[in-house]
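For the sequence shown, my numbering puts the final residue at 379, and the numbers step up evenly by one. Just so it is clear, CB atoms sit at the ideal spot from N, CA and C, and this is done for glycine as well.
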Amino acid sequence: GLGVFAALDGVELRASGTAQRTRQGLGVFAARKLKAGEAAVRIAAPLWRPLSADAAWAHLNEAHGPLCEDLLEFARASPELVGAGSQARTMLVGSVSFLLFLLEEMAKNEASDAWYHIDMIPTSLQVPLFWDNDRIAELQASPLVVKITRQRQLISSVYSEVVSPHLGDHVSGSNFAWAWSLVLSRAIANVHHNLPFCIPPLIDMFNHRFPENAGSTTIATGPPRGFCDHWYDQESATFIVSPQNDVDEGEELFISYGPLPNAALLRKYGFCVGDNPHESVRIPLGPVTSLRCKLNGQLEAVGERAALPPRGELLPLLEQALERYATSAEEDEVALAEADDASDEDLQNAIHVRLGEKRALRACIAELGSK
Numbered sequence: 009g010l011g012v013f014a015a016l017d018g019v020e021l022r023a024s025g026t027a028q029r030t031r032q033g034l035g036v037f038a039a040r041k042l043k044a045g046e047a048a049v050r051i052a053a054p055l056w057r058p059l060s061a062d063a064a065w066a067h068l069n070e071a072h073g074p075l076c077e078d079l080l081e082f083a084r085a086s087p088e089l090v091g092a093g094s095q096a097r098t099m100l101v102g103s104v105s106f107l108l109f110l111l112e113e114m115a116k117n118e119a120s121d122a123w124y125h126i127d128m129i130p131t132s133l134q135v136p137l138f139w140d141n142d143r144i145a146e147l148q149a150s151p152l153v154v155k156i157t158r159q160r161q162l163i164s165s166v167y168s169e170v171v172s173p174h175l176g177d178h179v180s181g182s183n184f185a186w187a188w189s190l191v192l193s194r195a196i197a198n199v200h201h202n203l204p205f206c207i208p209p210l211i212d213m214f215n216h217r218f219p220e221n222a223g224s225t226t227i228a229t230g231p232p233r234g235f236c237d238h239w240y241d242q243e244s245a246t247f248i249v250s251p252q253n254d255v256d257e258g259e260e261l262f263i264s265y266g267p268l269p270n271a272a273l274l275r276k277y278g279f280c281v282g283d284n285p286h287e288s289v290r291i292p293l294g295p296v297t298s299l300r301c302k303l304n305g306q307l308e309a310v311g312e313r314a315a316l317p318p319r320g321e322l323l324p325l326l327e328q329a330l331e332r333y334a335t336s337a338e339e340d341e342v343a344l345a346e347a348d349d350a351s352d353e354d355l356q357n358a359i360h361v362r363l364g365e366k367r368a369l370r371a372c373i374a375e376l377g378s379k
C-alpha cells in the first residue's frame with residue numbers, strides 16, 4: 009500500500025498538529041534524517057498515471073462516448089464560459105472527465121488499480137462551496153462570494169446538461185459537487201510548465217507552508233523547517249520532493265500550494281493562513297478585467313489588455329470597495345479572537361478572508377495617498 013511505499017522513500021503519513029489546526033488533512037513526516045537537497049520522494053509514472061486526466065479521458069471516451077461529446081460541446085458553447093480562454097475550457101473538460109473517473113474508481117474499492125492512493129484521500133471537504141447562507145454572509149463584500157456563486161452555477165449546469173442525462177442513475181448532484189471540489193483541492197496541473205493533470209499519490213498529502221515565514225517581523229534567514237521544493241522531471245516523468253534544509257526524523261515536511269491569498273486557499277483547500285503575506289483583493293473593472301490590490305500597496309491590472317484606471321479614479325474606487333464591507337478591520341480582529349475561542353473554524357476562515365482583503369485595500373489606499 010501507499011504507507012509502505014512512502015516509508016521506503018524516507019517519509020511516512022500520520023496525524024498532524026498542523027492538520028488539526030488548519031484542516032489540511034494528514035501530514036507527511038520524515039521517517040529518517042533527511043539531507044537538504046535529497047530526493048526524499050519520487051513518484052514515478054506507474055504510480056501517478058492511474059489517477060490522471062489522460063487516463064480518465066481515455067476511459068470516459070471508451071465507456072461513455074456520447075457524454076464526452078456533450079462535454080466538449082458544453083465547453084465550447086456554454087454561456088457560463090463566455091470570456092474564458094481555451095485553457096479554461098480545456099481544464100473544464102479535463103476536470104469533469106477526471107472527477108467522473110475518480111468517482112467510478114472509488115466505487116470499485118479494493119478492485120481499483122489506484123486503491124492504494126484512493127483509500128488515503130480524505131472524504132470530508134470544508135470548502136465554502138458547501139457553506140450555508142449564514143456562513144457565506146460572513147464573507148461580507150468579499151469577491152469570493154461571487155466566485156462561489158458562479159462555481160455553484162457552473163457545477164449545476166454541467167451536471168444537469170452533461171452528466172445527469174447519461175449517468176444520473178449512478179452519479180448524484182451532491183456527489184458530483186463533492187468530487188469537483190476534491191479534484192480542485194488535490195490535483196496538480198500547469199499547462200505552462202507541461203505538468204500532467206493528475207493527483208500524484210503522497211504529494212497531495214503534504215501540508216502547506218509559504219517559503220517565507222508568514223507574519224514574521226524579522227528578515228528570514230532561510231526557509232521554514234521542513235519546507236520542501238517539489239517539481240516534475242520531464243525526462244523521467246517523475247514527481248520529486250526534496251527538503252531545502254536538513255530534517256530530523258519525525259519532523260513534518262511541507263510544500264507550498266502557491267503564493268495565494270486566503271480567499272484562494274479557502275476556496276480551493278478549505279483553510280486560511282494567519283497573517284498571510286500574499287493577501288490581495290480584486291476589484292472588477294469590466295466583464296473580464298479587474299484591479300488587484302496587494303498587501304504591499306501595489307496595484308495591478310488583471311486581464312487581457314487591462315490597464316490601470318486614471319490616478320484620479322483609483323482612490324475613490326478603492327475607498328468605495330472598502331466601504332462595502334460591513335465591519336472594520338479592527339472589529340474583525342476582535343471577532344477573530346472570539347471565533348477562535350469558540351473553535352468555529354468556518355467563521356474564523358471567513359473573517360481571515362475579509363480581514364486580509366481590507367488590509368490589502370487599506371495598504372493600497374495609503375500608498376496612493378502618500379504620492
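Under DSSP, E259 forms no beta bridge with any residue. Just so you know, the alpha carbons of R194 and M128 end up roughly 12 Å apart. Rounded to the nearest whole angstrom, the C-alpha separation of F279 and F184 is 22 Å. In the three-state reduction of the DSSP assignment, H238 falls in the strand class, which pools E and B.
Contact between the stretch 363 to 376 and the stretch 305 to 312 is present: three or more C-beta pairs spanning the two stretches fall below 8 Å. Its chain contains V166, E169, V170 as the residues whose beta carbon lies nearer than 7 Å to that of F82, once the 5 sequence neighbours on both sides are disregarded; these appear in chain order.
Proximity of the stretch 245 to 262 to the stretch 46 to 62 meets the contact definition, three or more beta-carbon pairs being nearer than 8 Å. In the three-state scheme derived from DSSP, where H, G and I count as helix and E and B as strand, P324 is classed as helix. One Cα belongs to G311, the other to G93, and the distance between them is close to 11 Å. Sorting E341, S189, P269 by C-alpha distance to the C-alpha of P136 places S189 at the top. Per the Cβ contact rule, the stretch 65 to 85 is not in contact with the stretch 236 to 251 (fewer than 3 Cβ pairs under 8 Å). Annotated as distal: S264 and R300, with beta-carbon spacing of 8 Å or more. By the Cβ rule, the stretch 111 to 128 counts as touching the stretch 51 to 69, because three or more pairs are nearer than 8 Å.
Collapsing the DSSP output to three states places N117 in a helix. Under DSSP, I196 takes part in a beta bridge, and its partners are C206. Residue environment: A315 is assigned as exposed (fewer than 16 neighbouring CB atoms within 10 Å of its CB, all protein chains considered). One thing to note: V281 has its Cβ no nearer than 8 Å to the Cβ of S150.
Here Q159 is not near Y333, since their CB atoms are 8 Å or more apart. When secondary structure is reduced to three states using DSSP, T131 falls in the coil class, being assigned neither helix nor strand. Listed as beta-bridge partners of C301 by DSSP are V289, L307. Here the alpha carbons of C76 and V296 stand approximately 28 Å from one another. In the structure shown, the three-state DSSP call for R50 is strand. Note that the stretch 265 to 276 does not touch the stretch 316 to 330; fewer than 3 beta-carbon pairs, one per stretch, sit closer than 8 Å.
Taking C-alpha positions only, M114 is separated from H67 by approximately 15 Å. Comparing C-alpha distances from A39 to each of L323, G320, E260 shows the shortest one belongs to E260. Taking 8 Å as the cut-off, the Cβ atoms of L89 and A96 count as close. DSSP places S250 in the uninterrupted beta strand (DSSP E) bounded by 246 to 251. In this structure, the beta-carbon distance from I359 to L326 does not fall below 8 Å. As a beta-bridge residue in DSSP terms, F37 pairs with E20, E260. In the three-state DSSP reduction, N357 falls in the helix class (H, G or I).
Judged by their CB atoms, I156 and R290 are not nearer to each other than the 8 Å cut-off. In the structure shown, H178 falls within a coil segment according to DSSP collapsed to helix, strand and coil. Counting C-beta atoms within 10 angstroms of its own C-beta, A64 has 16 or more neighbours from the protein chains shown and is therefore classed as buried.
By the neighbour-count criterion, in which a residue is buried when 16 or more other Cβ atoms sit within 10 angstroms of its Cβ, H178 is exposed. Beta-bridge analysis with DSSP links N215 to F262.
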